[in-house]
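Engineer: Going line by line, the protein sequences match chains A and B. Heads up, this note's numbering is the position in the first sequence plus 13, with the first residue counted as 1. Heads up, this note's numbering is the position in the second sequence plus 1, with the first residue counted as 1.
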Amino acid sequence: MNKMTPFLEGFNHLAKSVENLLFVTRSKKLQKQAISDLKKIYKEAAKEKIIAIKDNNEEYANTILGCECVISALSSFIEMWLLIKDDEPDKAWDKLISAQKFTLAAIRASDGFQHLKSLFTYLRSIENNVFPPQTFLSSGMIVEEQICSICNKNYEECEHLVNLPYMGEFCYIKLGKIKLDHAAIVNNPADKRCRVISFDDGEVSRNKMTWEETPSKSHEGEGNAINAILLRAN
Amino acid sequence: MAIEQTDYLNVAEQLSTLGLKLPRQMALLPEHFDIAKSLDECQHLVEAATIKTVLRNASLPLDEIVEKNRRPLLIQNNSFEIVLPAIFFTYSVFNGDLGIFYETAQAVMAYLTKAYPDPAKENTVKMSYIVETNEQGKCKKFSYEGSVDGLMNLPGILKSIDDE
Numbered sequence: 014m015n016k017m018t019p020f021l022e023g024f025n026h027l028a029k030s031v032e033n034l035l036f037v038t039r040s041k042k043l044q045k046q047a048i049s050d051l052k053k054i055y056k057e058a059a060k061e062k063i064i065a066i067k068d069n070n071e072e073y074a075n076t077i078l079g080c081e082c083v084i085s086a087l088s089s090f091i092e093m094w095l096l097i098k099d100d101e102p103d104k105a106w107d108k109l110i111s112a113q114k115f116t117l118a119a120i121r122a123s124d125g126f127q128h129l130k131s132l133f134t135y136l137r138s139i140e141n142n143v144f145p146p147q148t149f150l151s152s153g154m155i156v157e158e159q160i161c162s163i164c165n166k167n168y169e170e171c172e173h174l175v176n177l178p179y180m181g182e183f184c185y186i187k188l189g190k191i192k193l194d195h196a197a198i199v200n201n202p203a204d205k206r207c208r209v210i211s212f213d214d215g216e217v218s219r220n221k222m223t224w225e226e227t228p229s230k231s232h233e234g235e236g237n238a239i240n241a242i243l244l245r246a247n
Numbered sequence: 002m003a004i005e006q007t008d009y010l011n012v013a014e015q016l017s018t019l020g021l022k023l024p025r026q027m028a029l030l031p032e033h034f035d036i037a038k039s040l041d042e043c044q045h046l047v048e049a050a051t052i053k054t055v056l057r058n059a060s061l062p063l064d065e066i067v068e069k070n071r072r073p074l075l076i077q078n079n080s081f082e083i084v085l086p087a088i089f090f091t092y093s094v095f096n097g098d099l100g101i102f103y104e105t106a107q108a109v110m111a112y113l114t115k116a117y118p119d120p121a122k123e124n125t126v127k128m129s130y131i132v133e134t135n136e137q138g139k140c141k142k143f144s145y146e147g148s149v150d151g152l153m154n155l156p157g158i159l160k161s162i163d164d165e
C-alpha cells in the first residue's frame with residue numbers, strides 16, 4: 014500500500030475539483046482552465062514516476078501510471094464536452110472513447126483505482142444517450158513479428174503480459190510487418206474510434222454523427238460508398 | 002454462458018500428419034488445425050503468445066508442438082471478443098491430474114480479469130479445451146463462450162465426463 018505523498022495529495026485535490034466540471038453545462042472558461050491544470054500535473058506525474066523508478070518502487074510507479082491515466086481520462090472527458098459545444102461531434106466522439114480507454118487503463122494500472130468502474134459506466138451511458146448509434150469496424154491482420162514493449166524481446170519468449178503494468182509502463186506488443194487480412198462490421202470492436210463516418214444513400218453522403226448531407230461520392234455501378242476509419246494508432 | 006461438447010479428430014494422428022510434435026501433457030493448437038492438410042494452412046492467433054506466457058508463469062506443463070523455425074503466421078483480430086487458442090490435453094492429464102484443467106482456467110481467468118477490466122460486463126471470451134479421452138487417441142472438444150467469470154465452468158464440465 015502506497016503512503017500518501019505530496020504528489021498524490023495534490024493529484025487527489027485536483028481530481029476532486031475537476032470532477033465538478035464534468036458536466037456539459039459548466040463554463041467553457043473553467044473547463045479550459047481545468048485542462049490546463051491537468052496538463053501541468055501530468056508533467057509532475059512524469060517526474061514523480063522517474064523518481065519511483067529510480068527507487069525501484071514498482072508499486073508506486075504503477076500508482077503514478079494510474080494517475081497519468083486518470084489525468085488523461087478527465088482531460089479527454091472535458092475536451093469531449095468542449096468539442097460538442099463547438100459543434101465538433103466527430104472529434105468529441107474520439108475524446109469520449111479516449112476517456113473510456115484511459116479509465117480502463119487506470120483500473121489496470123493499480124488496485125487503488127478500482128473505484129473508477131463507476132466513471133466508466135457513466136462514460137458508457139454518455140456514449141449511449143448523448144451520441145447516436147454508430148457502426149463499428151474491426152480489422153484482421155497477418156502479423157509476422159511481435160516484440161514486447163517492456164524488454165524488446167520476442168513477445169512469445171518473454172515473461173511480460175500485454176495490458177499489465179511493469180514499473181510504471183503498460184506492456185504492449187509492437188507489431189513488425191503487418192498485412193491487412195480482412196475487415197468486418199462488428200458490435201463490439203477493440204477500438205470504437207474505428208467506425209463508419211459517413212455513408213452514401215445513392216443520392217447524398219450523410220454524416221453518421223451530424224446527419225448532415227454532402228454530395229454523393231458513389232460512382233455508377235460501383236455500389237454505395239462509405240467513408241470509414243479502419244485502423245487507429247493509439 | 003454456453004459450453005458445447007463435440008467429438009474431435011484424433012489429435013495425435015493429425016499432429017503426425019502435419020509433422021508436429023506430440024506434447025507430453027498439454028499444448029496450444031493453431032487455428033484450422035483440424036482441417037489443415039499441411040502446417041502452411043494453419044495460423045496462430047496473436048493471443049497464443051500471451052496464453053503461453055500466462056500458462057508458463059503459472060508453472061503449467063505446456064509443450065511446444067511446432068519448432069521455432071516453422072511457426073505459422075499470426076493473425077490479429079481487432080474485435081473486443083476475446084478469442085483464445087484451443088488448448089489440447091493428452092490422455093495422461095485426463096487420466097491423471099485433473100487439477101491441471103482447473104489451474105489452466107484459473108490462470109487464464111486471473112489474467113483476463115486484470116488485463117481486460119469490464120465494468121459494463123460486455124466482454125465475451127471464447128476458449129476451447131480439446132481432451133484426449135482414451136489411450137487410442139479419441140478426443141472431445143469443449144468450447145466455452147461467455148463472460149470471463151464463467152471460465153471456471155469449462156473444467157467443471159470435464160468432471161461429468163470423468164464420471165460417465
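Built from N, CA and C at the ideal position, the CB exists for glycine as well.
Of all the options Asn58(B), Gly20(B), Ile76(B), Leu159(B), which has the alpha carbon lying nearest to the alpha carbon of Ile131(B)?
Structural biologist: Of the listed residues, the one whose Cα sits closest to Ile131(B) is Leu159(B).
Engineer: Rounded to whole angstroms, what's the CA-CA distance from Glu225(A) to Asp99(A)? Just pull it up for me.
Structural biologist: If I take the Cα positions, the gap works out to 16 angstroms.
Engineer: So, are the CB atoms of Ile83(B) and Asn124(B) less than 8 angstroms apart?
Structural biologist: Yes.
Engineer: What in chain A is Cβ-close to Val47(B), meaning under 8 angstroms?
Structural biologist: Correct list: Val156, Gln159, Ile186.
Engineer: So the candidates are Glu92(A), Asn220(A), Ile210(A), Leu87(A); which of them puts its Cα closest to the Cα of Leu27(A)?
Structural biologist: Leu27(A) has its Cα closest to that of Leu87(A), out of Glu92(A), Asn220(A), Ile210(A), Leu87(A).
Engineer: Mind listing the chain B neighbours of Gly189(A)? Cutoff is C-beta to C-beta under 7 angstroms, in chain order.
Structural biologist: Neighbours of Gly189(A) on chain B: none; closest Cβ ~10 angstroms, over 7 angstroms.
Engineer: Of all Cβ atoms in chain B, is any one closer than 8 angstroms to the Cβ of Gly125(A)?
Structural biologist: Not one chain B Cβ lies under 8 angstroms of Gly125(A).
Engineer: Let me make sure I understand the geometry here. Which of Asn58(B), Leu16(B), Asp8(B) has the alpha-carbon closest to that of Val109(B)?
Structural biologist: Nearest C-alpha to Val109(B): Asn58(B).
Engineer: Any C-beta of chain A within less than 9 angstroms: which residues of the stretch 112-137 of chain B qualify?
Structural biologist: Those would be Tyr112, Lys115, Ala116, Tyr117, Pro118, Asp119, Pro120, Ala121, Glu123, Asn124, Thr125, in chain order.
Engineer: Check Gly236(A) in the structure and name its three-state DSSP category.
Structural biologist: Residue state, collapsed to three classes: coil.
Engineer: Write down every uninterrupted run of the beta strand (DSSP E) in the stretch 50-120 of chain B whose length is 3 residues or greater and which is fully enclosed by it, in chain order.
Structural biologist: Complete beta strand (DSSP E) runs here, min 3: 74-78, 87-90.
Engineer: List the endpoints of the continuous beta strand (DSSP E) containing Glu216(A).
Structural biologist: First-last for Glu216(A): undefined, no H or E at that position.
Engineer: Can the beta-carbon of Leu166(B) be found closer than 8 angstroms to that of Ala106(B)?
Structural biologist: Examination of residue 166(B) is not possible in this model, given that chain B is present from 2 through 165 alone.
Engineer: From this set, Lys41(A), Glu71(A), Lys114(A), Leu109(A), which residue's C-alpha is nearest Leu95(A)'s C-alpha?
Structural biologist: When each option's Cα is compared against that of Leu95(A), the closest is Lys41(A).
Engineer: Quick check on this structure: which residue in Glu65(B), Arg71(B), Ala3(B), Val12(B) has the alpha carbon closest to the alpha carbon of Ile36(B)?
Structural biologist: Ranking Glu65(B), Arg71(B), Ala3(B), Val12(B) by Cα distance to Ile36(B) puts Val12(B) first.
Engineer: Short check: CB of Asp204(A) to CB of Arg245(A), under 8 angstroms?
Structural biologist: In this structure, Arg245(A) lies closer than 8 angstroms to Asp204(A) by Cβ.
Engineer: Tell me which residues of the stretch 104-126 of chain A have at least one Cβ-Cβ distance to chain B shorter than 8 angstroms, keeping chain order.
Structural biologist: Those would be Leu117, Ile120, Arg121, in chain order.
Engineer: Could you confirm whether any beta carbon from chain B is found closer than 8 angstroms to the beta carbon of Arg137(A)?
Structural biologist: Closer than 8 angstroms to some Cβ of chain B, the Cβ of Arg137(A) qualifies, so yes.
Engineer: Which residues does DSSP pair with Ile186(A) in a beta bridge?
Structural biologist: Ile186(A) is bridged to Cys161(A).
Engineer: With H, G and I counted as helix, E and B as strand and the rest as coil, what does DSSP make of Leu23(B)?
Structural biologist: Residue state, collapsed to three classes: coil.
Engineer: Using the Cβ count rule (16 or more neighbours within 10 Å means buried), how would you classify Pro120(B)?
Structural biologist: Pro120(B) should be labelled buried.
Engineer: According to a CB-to-CB cut-off of less than 8 angstroms, which residues of the stretch 52-84 of chain B neighbour chain A?
Structural biologist: Listed by position, the residues of the stretch 52-84 of chain B near chain A (Cβ gap below 8 angstroms) are Lys53, Thr54, Val55, Arg57, Asn58, Leu74, Leu75, Ile76, Gln77, Asn78, Asn79, Ser80, Phe81, Glu82.
Engineer: Between the stretch 51-60 of chain A and the stretch 16-27 of chain A, can you find at least three pairs of beta-carbon atoms closer than 8 angstroms?
Structural biologist: Result yes; three or more Cβ-Cβ pairs closer than 8 angstroms.
Engineer: Quick one: what does DSSP say Ser148(B) is sitting in, helix, strand or coil?
Structural biologist: In the structure shown, Ser148(B) sits in coil (DSSP, three-state: anything other than H, G, I, E or B).
Engineer: Does the Cβ of Ser85(A) have 16 or more other Cβ atoms within 10 Å, making it buried, or fewer, making it exposed?
Structural biologist: So Ser85(A) ends up on the buried side.
Engineer: Output the residue ranges of the alpha helix (DSSP H) runs that lie fully inside the stretch 28-64 of chain A and measure 4 residues or longer, sorted by chain position.
Structural biologist: Qualifying alpha helix (DSSP H) stretches: none in this window.
Engineer: Return yes when the Cβ of Met93(A) is within less than 8 angstroms of the Cβ of Ala118(A), no when it is not.
Structural biologist: No. Outside cutoff.
Engineer: Which residues in chain B have a C-beta closer than 7 angstroms to the C-beta of Ser229(A)? List them in chain order.
Structural biologist: Here the premise fails: no neighbours, minimum Cβ distance about 29 angstroms.
Engineer: Taking 6 angstroms as the limit between beta carbons, can you name the residues of its chain near Ser151(A), skipping five residues before and five after?
Structural biologist: Around Ser151(A): Ala197, Val199, Pro202.
Engineer: Work out the CA separation of Glu158(A) and Ile186(A) for me, nearest whole Å.
Structural biologist: Between Ile186(A) and Glu158(A), the C-alpha separation is close to 9 angstroms.
Engineer: Can the beta-carbon of Ile76(B) be found closer than 8 angstroms to that of Gln26(B)?
Structural biologist: Not in contact: Ile76(B) and Gln26(B) (Cβ atoms no closer than 8 angstroms).
Engineer: For chain B, find out if any of its Cβ atoms is closer than 8 angstroms to the Cβ of Ser249(A); answer yes or no.
Structural biologist: Residue 249(A) is absent from the model: chain A starts at 14 and stops at 247.
Engineer: With a threshold of 8 angstroms between beta-carbons, can Pro86(B) be considered close to chain A, or not?
Structural biologist: No, because no Cβ of chain A sits closer than 8 angstroms to the Cβ of Pro86(B).
Engineer: Going along chain A, which residues have a C-beta under 7 angstroms from Ala50(B)?
Structural biologist: Those within 7 angstroms of Ala50(B) in chain A are Gln159, Tyr168, Glu169.
Engineer: Go ahead and pull the three-state DSSP assignment for Glu123(B).
Structural biologist: Correct three-state label for Glu123(B): coil.
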